[in-house]
Amino acid sequence: MTDVTMPNDLESFWMPFTSNRQFKTAPRMLVAAKDMHYTAADGHAVIDGTAGLWCCNAGHGRQKIIEAVQHQVTQLDFAPTFQMGHPKAFEAASRLASLLPGDLDRIFFTNSGSESIDTALKIALAYHRARGEGTRTRLIGRERGYHGVGFGGISVGGIVTNRKWFGGLLTGTDHMPHTHNLAANAYTRGEPAVGADLADELERIVTLHDASNIAAVVVEPVAGSTGVLVPPQGYLKRLREICTKHGILLIFDEVITGFGRLGSSFASEHFDVLPDLMTMAKGITNGVIPMGAVGVREPIYQAFMQGPENAMELFHGYTYSGHPIAAAASIATMDIYREEGLFERAAAMAPYFEDAAHSLKGLPNIIDIRNIGLVAGIELAPRPGKPGARAYDAFVKCFEQGLLIRTTGDIIALSPPLIIEKHHIDEMFGILAKVLRELD
Ligand SMILES: Cc1ncc(COP(=O)(O)O)c(C=O)c1O
């Protein structure tokens, strides 16, 4: 059997977050992947500057994960986890719990980042209710936040295009301001100096609604999808202090910052700030099988473990929560992270990556470069009256020349697999520099 590289029918698949009509006139197909590279349909190699969609942290085609999946699908293809169990889900949960900081020891499995966010918001609401503080129902997010596409996630999220089409959303949400400040912080390496005081906006929201009505605050430690916004120095610690002071749960959405992206296991560890709940997905299985998870601190879990033992403690779950194949993929992925020291490796590569990113300064149309760990954001000036067009052209040209980048508006984001070598970094930034030089 030969693999098809170009399908006969492009029409049936309604592609997500895609300009469908534009794409289908000139499709960009990926047909194979190994380590740091994809292969396009015409056979040309494309270096993966984005770990797929921020998920293939250990690179592509990892044998250990392939074998774990193959073995599991043969052994036990599916088993329910409602009032039943199977060993791999328990093993995956305890392995993950041991990786998480502090007492984030209880794991609820989902199938995606979006489901993880909805799960975390529901646990937060139910937690307060279980403790007799059922008035705490408000959920606070942040402008420019991205928390997936469920109604919970877009309600606390702050990306206007993801919200404005979909009606009234969840009631009782509010938003803190984002932390992006080009005037003060352009070309910062790592955490910007200006902006910790923006966390105090939470105090303003508390004054407006009263803490007794607020359940949780959710933020990405480093905002990714909105174009790589690194938190100002001290900002997350301040947010933690204000939440603790008012009994508000702090949720970190670590869907992209988890599993080594910043050169530590999780951003919480990197910034030394422990959230009450942590959402994860993507790197949890190296992108091989859909899976997400919510890490929950011990006292929150214990608040549910009251009442008669035959009562279900949380009326929530997915058919595929802790799916055997996802669990097997996740265990193998965590093995690779540990055996190859990939989080430490990301930390070791980060300074070289940072220098390479900032070496682009001065190229046409660049107005900011920012970075942390193995993440870089390169912001371009928009073409007058055509926001996003310049970065989109860069994206297409990069793909043609052998580099996969990700763009949001006029911001280019890079987040390569953690197995990256220095020569890959040179290759990536070499192609990007060439494209940016040629771009009008
Ligand atoms: C911070 C964050 N949260 C949630 C999500 C949603 O994850 P999924 O697409 O798996 O639902 C994403 C996806 O990029 C994300 O970056």
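For the sequence shown, the residue numbers in our numbering are 607 to 1046. C-beta: ideal position from N, C-alpha, C; glycine also.
The straight-line gap separating the alpha-carbon atoms of Ala995 and Val610 is approximately 31 angstroms.
With 16 or more other Cβ atoms from the protein chains shown falling within 10 Å of its own Cβ, Pro838 counts as buried.
Looking at the DSSP output, Lys640 bridges to His643. Within the region 982-1035, the complete beta strand (DSSP E) runs of at least 3 residues fall at 1012-1014 and 1017-1020. Under the three-pair Cβ rule at 8 angstroms, the region 895-904 does not count as touching the region 646-658. In the structure shown, the three-state DSSP call for Met782 is strand. Every beta strand (DSSP E) of 3 residues or more that sits fully in the region 690-766 is shown, in chain order, as 710-716 and 744-748. The closest heavy atom of ligand 1 lies 7 angstroms or more from the beta carbon of Gly1015.
Taking the Cα of His922 as reference, the smallest distance to any Cα among His786, Phe629 and Gln689 is reached at Gln689.
Ranked by Cα distance from Asn717, the options Ala703, Ile890, Gly983 and Trp771 are led by Ile890. Three or more Cβ pairs drawn from the region 1007-1022 and the region 655-675 lie within less than 8 angstroms of each other, which places the two stretches in contact. Exclusion of the five residues before and after Thr785 leaves Gly801, Leu804, Leu835, Pro837, Pro838 and Tyr841 as the residues of its chain whose Cβ lies within less than 7 angstroms of its Cβ.
Distance from the Cα of Tyr644 is smallest, within the candidate group Gln912, His677 and Glu1006, for Glu1006.
Shortest gap from the CB of Gly979 to any heavy atom of ligand 1: 7 angstroms or more. Nearest in C-alpha terms to Phe696, of all of Ile713, Asp1016, Thr624 and Pro783, is Ile713. The closest heavy atom of ligand 1 lies less than 7 angstroms from the beta carbon of Gly719.
Closest in alpha carbon position to Ala632, among Ala953, Val1002 and Ile1025, is Val1002.
Note: Ile653 is bridge-paired with His643 and Leu1009 in the DSSP secondary-structure output. Judged by DSSP in its simplified three-state form, Phe949 adopts helix. Set against 7 angstroms, the gap from the CB of Tyr841 to the closest heavy atom of ligand 1 is not smaller. Under the three-state reduction of DSSP, Phe623 is assigned to coil, being neither helix nor strand. Rounded to whole angstroms, the separation of the alpha carbons of Leu883 and Asp859 is 8 angstroms. Per DSSP, reduced to three states, the secondary structure at Ala933 is helical. Residue range Leu855 to Asp859 is occupied by the beta strand (DSSP E) that includes Phe858. Within the chosen limit of 7 angstroms, ligand 1 does not reach the beta carbon of Gly893 with any heavy atom. In the three-state reduction of the DSSP assignment, His922 falls in the coil class, being assigned neither a helical nor a strand state.
Only residues of its own chain outside the window of five on either side were considered, and among them Ala802 and Ala805 have a CB closer than 6 angstroms to the CB of Arg844, listed in chain order. Rounded to the nearest angstrom, the gap between the Cα atoms of Lys1040 and Leu966 is 10 angstroms. Our two residues, Gly1015 and Leu1038, have alpha carbons roughly 17 angstroms apart in a direct line. One Cα belongs to Asn791, the other to Glu739, and the distance between them is close to 40 angstroms.
With fewer than 16 other CB atoms across the displayed protein chains lying within 10 angstroms of its CB, Trp620 is exposed.
Rounded to whole angstroms, the gap between the alpha carbons of Ala987 and Ala699 is 44 angstroms. Take His815, set aside five residues on each side of it, and the residues of its chain with a beta-carbon closer than 6 angstroms to its own are Arg744, in chain order. As summarised for the region 772-857, the continuous beta strand (DSSP E) elements at least 3 residues long and confined to that stretch are 779-782 and 820-825, given in chain order. Annotated three-state conformation of Asp961 is helix, per DSSP.
Ligand 1 never approaches Trp771 closely enough for any of its heavy atoms to be under 7 angstroms from the residue's Cβ.
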